[in-house]
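For the protein sequence lines, the chains are A and B, in the order given.
So that you can map any letter, position 335 of the first sequence is 345 in the numbering used here, and since no number is skipped, the others follow by simple counting.
So that you can map any letter, position 70 of the second sequence is 80 in the numbering used here, and since no number is skipped, the others follow by simple counting.
Don't be surprised by glycine CBs; every beta carbon is placed ideally from N, CA and C.
Quantities reported herein were computed from a predicted structural model and do not represent experimental measurements.
There are 2 protein chains.
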Amino acid sequence: MKYETVTWRNDKVVMLDQRRLPTEEAYVECDGPAQVAEAIRNMTIRGAPAIGVAAAMGIALGAMRLRVKSKGRFREEFEGICRMMMETRPTAVNLSWAVQRMKDVLSGYGEEGLDGLRRALKSEAMAIREADIEVNRQMGQNGKRYIQNGSAILTHCNAGALATAGYGTALGVIRAAHEEGKDLEVYVCETRPQFQGARLTAWELDRDGILVTLITDSMSGYLMSKGLIHLVIVGADRISANGDVANKIGTYSLAVLAKAHGIPFYVAAPLSTFDLSLGTGDEIPIEERDTREVTHPFGRKIAPEGVRVWNPAFDVTPHEYVTAIITERGVAQEPFATSLRGLFS
Amino acid sequence: MKYETVTWRNDKVVMLDQRRLPTEEAYVECDGPAQVAEAIRNMTIRGAPAIGVAAAMGIALGAMRLRVKSKGRFREEFEGICRMMMETRPTAVNLSWAVQRMKDVLSGYGEEGLDGLRRALKSEAMAIREADIEVNRQMGQNGKRYIQNGSAILTHCNAGALATAGYGTALGVIRAAHEEGKDLEVYVCETRPQFQGARLTAWELDRDGILVTLITDSMSGYLMSKGLIHLVIVGADRISANGDVANKIGTYSLAVLAKAHGIPFYVAAPLSTFDLSLGTGDEIPIEERDTREVTHPFGRKIAPEGVRVWNPAFDVTPHEYVTAIITERGVAQEPFATSLRGLFS
């Protein structure tokens, strides 16, 4: 059966509960925007593009549920819902991009009454969702030429159908190469602390019949040194104007290791992941999450009581380590400041 | 209360059960050599020097328990016990070094009767244990000058009191610097798949009042990029004649990352960890362990059924990445082929 990362059903936002994969395929039904926000925060749903889609749907749901009559009150409540979504997670910029699109619907709306506005907001959220899948497919088309027949690919975390409305960014590129009949295999880093590589990427590639081998994050360098990896491809949570890439913690180590081994390092991300207001990756806010993710995987205590922990959820890979960034509109390479400006113009 | 990694009590080999740390401080009593061999295999005890000590003690215990009258039968049974110990784990060369020392007692022994031989074997095992602690302290003295006051040190896995008869190799060097009053802090990689960094190193440093911060293996590169690490120091399981170092999986990635950030990378290991019969690290056998270590941490399933897994327990760091190797007899640096020959002559 096909799974849906996030969808709209019976006026609810329905999400595959990614915390329970791969042992259980269960869905969570969100009845209101606070539930959607909590699902983003607690990582029921994760992945920069998926977070953006979920936030937009959560805002549409909130607009639908708002029991107010005046447009002034509506505006106030709507702002509150947008703020709540924005505060769920700080690093993925797709979140503020999606929220802004919803706000633009409100500002562009005339005096036709609240019901029409609610419908317009729901339409916009659905359009964001549909476009995300389309954009991923286009990235796949633009990126598949970097995967030669017979390639072994290393990826990190989950930049797949589960991280988007469907198809995936980095895994979308892999899917596109697979769909045109290329013989390939994927190594995936388990991705501590939350094991998205083991739980999600291995699961979704396996379901697609793509050969996948799981390793711990610590094995990536040794694997590269054995000549077993031809390219690395990952997703992104935010990319600054100079091409620096914030992505799941561990990405930077992979990029340095790839460079040391002469292995190309690709990033696949939609335009909604770029934040051209930031000059460099140093300005990207990096979320630090609960230390229990490190000390208590699945609730099991693995470290002494009270030990200090550093738990950044993301890191920043400077553009010097990036061979190319694959987007739906084309591929950017050094000098990124110029090539990215080209893509956006 | 002080803990003992491995000791001899009431004619039993008693080990701290490292699989249960840090939640429980429980000891396993081995009544015969097969139990000792199983404890090495299942990692009740681990760490190259500790494995050597445990094997020697297991052999002494086996000699004591042997119910044979003739020296010929004794020899045969003794050989069988040594073989069993040798087959427990393939990478740490301290194992064969210790077994060879026990065999040398047998070969050097005259015709004085089996009881004397049994006593001599027990004495040798105890001497190996005592010498290991002394050797670690000497390594500490030789290595502490590499740790400046105010240093932040990154280490991997556990090369501490728990990996040896006591005091530790890499952690011994850190202890020696701490004991002379240097202000220092240690970052430790949790060390998947078996979490020895989180479970063991954090536990033993914390007990010694040394400031420790736990990270996942994937965070090491990002930590280095922030300028937060001044040196890396690790132990070793086998070192070839040219200075290539086999150590816990993940060590190689750390070494490459350290070099990329201009951070010195030290290895602390006793002479018993060297295998001068091997020209390069390519010849070191690398153990691959049960894939369930990766897919089922603490028995919890985190990956889809039947997924392929690569689970090497060690990797090899080429000597080009090693700033210096600290031994009890002095410190070796490039050219290692020459400097190591000097230490052994």
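What do you reckon, is the C-beta of residue i under 8 Å from a heavy atom of the ligand ADP?
i: B:I336; result: This structure lacks the ligand ADP; in fact it carries no ligand of any kind.
Counting only Cβ pairs nearer than 8 Å, list the residues of chain B close to residue i.
i: A:V266; result: G231, V266, L267 and A270
i: A:V304; result: E200, A208, L224, I225 and T226
i: A:Y262; result: G231, Y232 and S235
Any beta-carbon of chain A closer than 9 Å to the one on residue i?
i: B:A246; result: no
i: B:E293; result: no
i: B:D41; result: no
i: B:I163; result: no
i: B:I184; result: no
i: B:Y276; result: no
i: B:Y197; result: yes
Can you name the residues that DSSP bridges to residue i?
i: B:A342; result: B:I335
i: B:E39; result: B:V24
i: B:S250; result: B:D285
i: B:R318; result: A:T223
i: A:S161; result: A:L194
i: A:R19; result: A:K22
i: A:F275; result: A:V242
i: B:D325; result: B:N257
i: A:E298; result: A:P322
i: B:V170; result: This sequence places Gly at residue 170 of chain B; Val is not what is there. Paired residues: B:G178.
So is residue i in contact with chain C if we call contact Cβ pairs under 9 Å?
i: B:T33; result: In the structure shown, chain C does not exist; the protein chains are A and B.
If we cut at 9 Å on Cβ distances, does residue i have a partner in chain B?
i: A:R318; result: yes
i: A:R310; result: yes
i: A:C314; result: What sits at residue 314 of chain A in the sequence shown is Pro, not Cys. Yes - at least one Cβ of chain B is within 9 Å of the one on A:P314.
i: A:A212; result: yes
i: A:V326; result: yes
i: A:L221; result: yes
i: A:S80; result: no
i: A:I259; result: yes
Find the residues of chain B that neighbour residue i, judging by a C-beta separation of less than 9 Å, and give them in chain order.
i: A:R299; result: Within chain B, no residue comes near A:R299; the closest Cβ sits about 11 Å away, beyond 9 Å.
i: A:T15; result: Those do not exist, as A:T15 stays about 17 Å from chain B at its closest Cβ, beyond 9 Å.
List, in chain order, every chain A residue whose beta-carbon is nearer than 8 Å to that of residue i.
i: B:S250; result: Under the 8 Å cutoff, chain A gives no residues; its nearest Cβ is about 16 Å from B:S250.
i: B:P322; result: M229 and Y232
Residue i touches chain A at which residues, Cβ-Cβ below 7 Å?
i: B:P307; result: P307
i: B:D216; result: P314 and V317
Given that residue i touches chain B, what residues does it touch there, using C-beta distances under 7 Å?
i: A:P426; result: Any property of residue 426 of chain A remains undetermined from this structure, which presents chain A solely from 11 to 355.
Could you list which residues in chain A have their beta carbon closer than 9 Å to that of residue i, in chain order?
i: B:S287; result: Residues of chain A passing the Cβ test: none, with the nearest at roughly 23 Å.
Count the C-beta pairs between the region 217-235 of chain B and the region 247-266 of chain A that are closer than 8 Å, then say yes if the count reaches three, no if not.
yes
How about the region 283-298 of chain B and the region 202-211 of chain A: do they share at least three Cβ pairs that are nearer than 8 Å?
no
I want to know whether the region 188-203 of chain B touches the region 268-278 of chain B - three or more CB-CB distances under 8 Å.
no
Let me know the beta strand (DSSP E) ranges lying completely inside the region 91-123 of chain B, each 3 residues or longer, listed in chain order.
none
Taking contact to mean 3 or more Cβ pairs, one atom from each stretch, closer than 8 Å, check whether the region 235-251 of chain B and the region 336-344 of chain A are in contact.
no
Kindly confirm or deny that the region 22-31 of chain A and the region 50-59 of chain A touch, where touching means at least three C-beta pairs closer than 8 Å.
yes
Contact between the region 140-158 of chain A and the region 313-331 of chain A: three or more CB pairs below 8 Å?
no
Using a Cβ distance threshold of 8 Å, determine whether the region 87-102 of chain B contacts the region 57-76 of chain B, with at least three qualifying pairs required.
yes
Count Cβ pairs between the region 158-167 of chain B and the region 117-137 of chain B that sit closer than 8 Å; are there 3 or more?
no
Assess contact between the region 151-162 of chain A and the region 172-184 of chain A, defined as three or more Cβ pairs (one per stretch) separated by less than 8 Å. Is contact present?
yes
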